[in-house]
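In what follows, a structure is listed as structure tokens, so that the remarks can point back to it.
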Amino acid sequence: MSTPPYIELHCHSGFSFLDGASHPEELVLRALELGYPAMALTDHNGLYGSMEFAQSARVEGLQPITGAEITVALDIPGIPEGLDGLGVDDSDGDPLTRGCHMTLLAETPAGYANLCRLLSEAHLHSERCRPTLLLSSLLARTEGLIALTGCLCGPLSRALEDSVATAEFLIRRLQSAFGYRGLFVELQDNEQKGDGYRNRSLGRLADRFDIPVVATGNVHYHRPERHRLQDVLVALRRGGRGVRRGARWNLQPRVLN
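Each residue of the sequence shown is one higher than the one before, counting from 2 in our numbering.
Structure follows, in structure tokens:
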């Protein structure tokens, strides 16, 4: 049986302000060079580049997938103490590490409409430049959406930092809302400290609850040499602190085993 081609489902463009370092068209052309049949654009808390991305992808022959990485506040009833307040902590002063991140993909027109409504709600009811969606609002509007559990700032990863029991509580709520076809445990390896341990823990949790896993790259630029620009953008956002040296956040060939 042939190995299915890799599809990148977590990708940021320059429309992720002071985070992504490549134009949507650059990402499209690089994805085609690597043989991707499709790719998702998931900029932070918005669909700012989705039209430009979709137009470029269709012209070049790549299937575009519309999505966003959205910041959520964990407000659901019965939430364990270890998760309380994660959606409002900004002690490091960086709005992009504030709260918990989830990756949402629109599977249908209804899903696209729900994604637009959820993003609008996040912007309307939050501080300027810090859009945050209540998790309860997301769980009430899941039709047509596919949810990935997110990066190292994802709620499931942060729940595991508290305890396995806390993570199990959260994954039950997500699974109840999104069903068995709409929820995927997201695994990433960007050569950051703790990636391997985190992925093994997430994989065990996915097995326990019979939830499929998906590998993503958390892409922020189309080629490795663009990392210098991304370092500058991150430094500007963080006031000169916290440059992610040595990490790999670019589109690259990947083999699924």
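Cβ coordinates follow ideal geometry from the N, Cα and C atoms, glycine included. If you're wondering where the values come from, they're calculated on a predicted model, not measured in any experiment.
Pairwise C-beta distances place the segment 142-156 in contact with the segment 99-106, as three or more of them are shorter than 8 Å.
Rounded to the nearest whole angstrom, the C-alpha separation of Leu-206 and Leu-175 is 13 Å. Leu-30 sits away from Ser-14, with the two beta carbons spaced by 8 Å or more. For the options Val-165, Glu-162, Ala-178, Ala-148, the alpha carbon positioned closest to that of Glu-187 is the one of Ala-148.
The C-alpha of Gly-36 is placed about 31 Å away from the C-alpha of Leu-157. Residue environment: Gly-195 is assigned as exposed (fewer than 16 neighbouring CB atoms within 10 Å of its CB, all protein chains considered). Note on geometry: alpha-carbon atoms of Glu-192 and Tyr-222 lie some 16 Å from one another. The three-state reading of DSSP puts Thr-104 in strand, counting E and B together. Looking at the DSSP output, Gly-112 shares a beta bridge with no other residue. For His-11, same chain residues with a beta-carbon under 6 Å away, outside a window of 5 residues either side, are Thr-43, Thr-104, Thr-217, Asn-219 in chain order. When DSSP reads this structure, Tyr-198 sits in no beta bridge, so it has no partner. Exposed is the label assigned to Glu-61, since fewer than 16 other Cβ atoms lie within 10 Å of its Cβ.
Put simply, the backbone Cα of Ala-69 is about 10 Å away from that of Tyr-113.
In this chain, the alpha helix (DSSP H) harbouring Leu-136 covers 136-140.
Per DSSP, reduced to three states, the secondary structure at Pro-65 is strand. Given a length threshold of 3 residues, each whole run of the beta strand (DSSP E) inside the segment 24-71 is given here in chain order: 39-42. Looking at the DSSP output, Glu-9 sits in a beta bridge with Met-40.
Along the segment 150-180, the beta strand (DSSP E) does not occur as any fully enclosed run of 3 or more residues. Each of Phe-16, Thr-4, Asp-20, Glu-9 was checked against the Cα of Gln-231, and the nearest Cα belongs to Asp-20. In the three-state DSSP reduction, Leu-75 falls in the coil class, being neither helix nor strand.
With fewer than 16 neighbouring CB atoms inside 10 Å of its own CB, His-126 falls in the exposed class.
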